[in-house]
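Novice: The structure is given below, and queries will be raised subsequently.
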Ligand SMILES: [Fe+2]
């Protein structure tokens, strides 16, 4: 089984993965996958607290996959060797926690993903270069070329796109330009959105769980499970949360 959720920001938003919330989690195995759409944040400052939560996540029965967001310590990430896994370039953070590098196409259980992390921070004035913000939050041209090559190799056809920021035209329609800037990555995604044959696109970053249209979903505290023809929401499944925390119960595409 494959599940998708949004930002966890280290321990700040990890509570969606507790047994009380992600109730299916306890019955999963290593061949079940939870994908985090960026702002993983558990490679941040090497604190004892961070190691506690990294170990907590590593001991969960599933395998965690994540793309990077803007809130990652890119200096720390650089120290992990890049290897190939299921067709993707990845970094093994632990045996059970895997970072998917930007521009990767990977196949899991017959589902083909295009994964591309990174985003531009919208609170730069409160952050310190090399300590809480890194230039690498946005991709370089090599990473963008890698993405195009990976898509060329599969004829521009995948099932699911995983990113941390949306194409510009969607971001601008939903949020305007005051909070979230247009940049090379949002423009890159505009082009990919036009050209790529895909079924569903999930993105983190905006801290809401919301449907944009039949194909594009913002995801934060929701957890969805991919199904044969779409997804179903496995958390939250009741109305205790605000309307901004709800994705449709089921989607078929
Ligand atoms: Fe975030």
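In the working numbering, the protein residues as written are 3 to 255. The beta carbon of each residue, even a glycine, is placed where N, CA and C say it ideally should be.
1) Should residue 125 be listed as close to ligand 1, given that the test is whether its C-beta is under 7 Å from any heavy atom?
2) Ligand 1 heavy atoms versus the CB of residue 31: any closer than 7 Å?
3) Can you tell which of 112, 170, 116 and 79 has its C-alpha closest to the C-alpha of residue 157?
4) With 16 as the cutoff for other CB atoms within 10 Å, does residue 163 come out buried or exposed?
5) What are the residues that DSSP puts in a beta bridge with residue 123?
6) For residue 177, which residues in the same chain have their Cβ closer than 8 Å to its Cβ, ignoring the five residues on either side in sequence?
7) Any chance the region 93-103 sits against the region 175-189, with 3 or more Cβ pairs inside 8 Å?
8) Do residue 206 and ligand 1 come close, with the Cβ less than 7 Å from some heavy atom?
9) Have a look at 214, 21, 17 and 102 and flag the residue whose alpha-carbon is nearest the alpha-carbon of residue 145.
10) Classify residue 65 as helix, strand or coil using the three-state DSSP reduction.
11) Note down the Cα distance separating residue 155 from residue 50, rounded to an integer number of angstroms.
12) Inspect the beta-carbon positions of residue 38 and residue 10 and report whether they are closer than 8 Å.
13) Just mark residue 28 as buried or exposed, buried being the case when its beta carbon has 16 or more other beta carbons within 10 Å.
14) Residue ranges of each alpha helix (DSSP H) run of no fewer than 4 residues wholly in the region 147-226, ordered along the chain?
15) What residue range does the alpha helix (DSSP H) around residue 87 cover?
16) Tell me whether the beta-carbon of residue 5 lies closer than 8 Å to the beta-carbon of residue 225.
17) Compute the distance between the beta-carbons of residue 182 and residue 248, then report whether it is under 8 Å.
18) Name the one or two DSSP bridge partners that residue 113 has.
19) Going by DSSP in three states, residue 140 sits in which element: helix, strand or coil?
20) For the beta strand (DSSP E) holding residue 94, just list the boundary residues, first then last.
21) Mind listing which residues have their beta carbon within less than 5 Å of any non-hydrogen atom of ligand 1? Chain order is fine.
22) Please look up how many angstroms separate the CB atoms of residue 221 and residue 232, rounded, as I've assumed it's under 8 Å.
23) Ignore the nearest five residues each way along the sequence and tell me which others in residue 189's own chain have a CB closer than 7 Å to its CB.
24) In whole angstroms, give me the CA-to-CA distance for residue 122 and residue 25.
25) Just to confirm, is the Cβ distance from residue 55 to residue 35 under 8 Å?
Specialist: Quick look at the numbers:
1) no
2) no
3) 116
4) buried
5) The partner list for residue 123 (beta bridge, DSSP) is empty, contrary to what the question assumes.
6) 208
7) no
8) yes
9) 102
10) strand
11) 42 Å
12) yes
13) exposed
14) 170-181 and 186-197
15) No alpha helix (DSSP H) holds residue 87; the beta strand (DSSP E) holding it covers 85-87.
16) yes
17) no
18) 110
19) coil
20) 90-96
21) 9 and 41
22) Contact doesn't hold; Cβ gap of about 14 Å is too wide.
23) 170
24) 33 Å
25) no
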